[in-house]
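Working notes for the structure below.
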Amino acid sequence: MSSTRDRVLYVTDLAYQARGRRYCDEDIFLTSRLREDFDLALCHPLEAAALMDAFDAVVVRNSGPVLHYRAQYEAFRERAVNSGARVYSQLSGKADMAGKQYLLDLSAAGYPVIPTIDRPQNLDRLPKADQYVVKPKLGADSIGLEFVSPDRLDDLVFENVLVQPRIDFAYEVSFYFIDHAFQYALYAPRTDQRWLLEPYEPTAADLSFAQCFIDWNGIDHGIQRVDACRAPDGELLLVELEDLNPYLSLDLLDEQSRTIFVANLKESLRTLLHAAPSAGPPARP
200 MSSTRDRVLY VTDLAYQARG RRYCDEDIFL TSRLREDFDL ALCHPLEAAA
250 LMDAFDAVVV RNSGPVLHYR AQYEAFRERA VNSGARVYSQ LSGKADMAGK
300 QYLLDLSAAG YPVIPTIDRP QNLDRLPKAD QYVVKPKLGA DSIGLEFVSP
350 DRLDDLVFEN VLVQPRIDFA YEVSFYFIDH AFQYALYAPR TDQRWLLEPY
400 EPTAADLSFA QCFIDWNGID HGIQRVDACR APDGELLLVE LEDLNPYLSL
450 DLLDEQSRTI FVANLKESLR TLLHAAPSAG PPARP
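For what it's worth, my numbering labels the leading residue of the sequence shown as 200, then goes sequentially.
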């Protein structure tokens, strides 16, 4: 290996079992391509804090839900901030990497988000629905998610959970971005098969919808995925903004699209590596 190439620590959990997805295959592919331009080593998320100082940048990819190793992730984050380490995606994100508070903030600010509350006194802000979704503020991968009937809302314990109406949506669609640039979109035409995805050709209105959340989040270097659902009135509503380690479903793209994505990823990573050190992310909530 050439000593003049940038050294990248690639954080992934190759053994993590995700429903409907093979994280390991995606990371095996991506690392095989990144090695063309960078000196690269893989590590488990539990080892990232101890190893990161020997590398020029840390790429966090399919590392699994942080809730499985919350203390170790916070230690990694603190070490990265204190040392000025370059982390990809940047740790300044305000969305999933900081919990689900952003859904409350965006909903209150009038963004096109599924109505979201976290206090019993705000139940009247939710539209009438046959069922409601209760999810942990620090949840991921549908862990801890529960559906409840309207008659159970009054007895619900509002402790670190969010409540949303269960939307009778037509389909879910995901928009994938590198930095602030749109890359591709995929959708699940069957509502009961979230990860049975197909290529999706977004309209100008769709892209404007997705872009507004990318602009709000303000990550200059990193990968983000905007997950949305098509509501009964035809409008898109935000489901989640994944800004820490979003799965990319690269195996569903044609070869040309994958090649373009990888080239853009390499360029984004090079830009981060040679950018001036940032002041670090804002304080955690």
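Quick reminder that beta carbons are idealized off the backbone N, C-alpha and C, glycines included.
Predicted model, so just to flag it, every value in this text is computed and none were measured.
Proximal residues to R206 (C-beta, below 6 Å), its chain only, five neighbours per side dropped: The answer, listed in chain order, is D238, F254 and D255.
Opposing strand residues paired with Q363 [DSSP bridges]: DSSP, once it has assigned bridges, lists V332 as partnering Q363.
Let's test the definition: count the other Cβ atoms within 10 Å of the Cβ of I227 and tell me whether it reaches 16, buried, or not, exposed. Classification for I227: exposed.
Measure from the alpha carbon of F374 to the alpha carbon of each residue in T470, N416 and F408, then state which is nearest. Nearest to F374 by C-alpha distance, out of T470, N416 and F408, is F408.
A307 - DSSP class collapsed to helix/strand/coil: Three-state DSSP puts A307 in a helix.
Would you check if the distance between the CB atom of N261 and the CB atom of E225 is smaller than 8 Å? Yes; because the gap between Cβ atoms is below 8 Å, this pair is in contact.
Quick one: what does DSSP say F381 is sitting in, helix, strand or coil? In the displayed model, F381 falls within a strand according to three-state DSSP.
Would you mind listing the beta strand (DSSP E) stretches within the segment 378-447 that are 3+ residues and don't spill past its ends, in chain order? DSSP runs (the beta strand (DSSP E)) wholly in the segment 378-447: 380-387, 422-429 and 435-441.
Just to confirm, are I459 and D442 a CB contact at a threshold of 8 Å? In this structure, D442 does not lie closer than 8 Å to I459 by Cβ.
Inter-residue Cα distance where the pair is I313 and D426: Their backbone Cα atoms lie some 11 Å apart in a straight line.
Simplified DSSP assignment, three categories, for Y268: It is helical.
Are Y209 and L245 closer than 8 Å when you measure CB to CB? Taking 8 Å as the cut-off, the beta carbon of Y209 is found no closer than this to the beta carbon of L245.
Cβ of R424 within 8 Å of Cβ of Y370? No. Outside cutoff.
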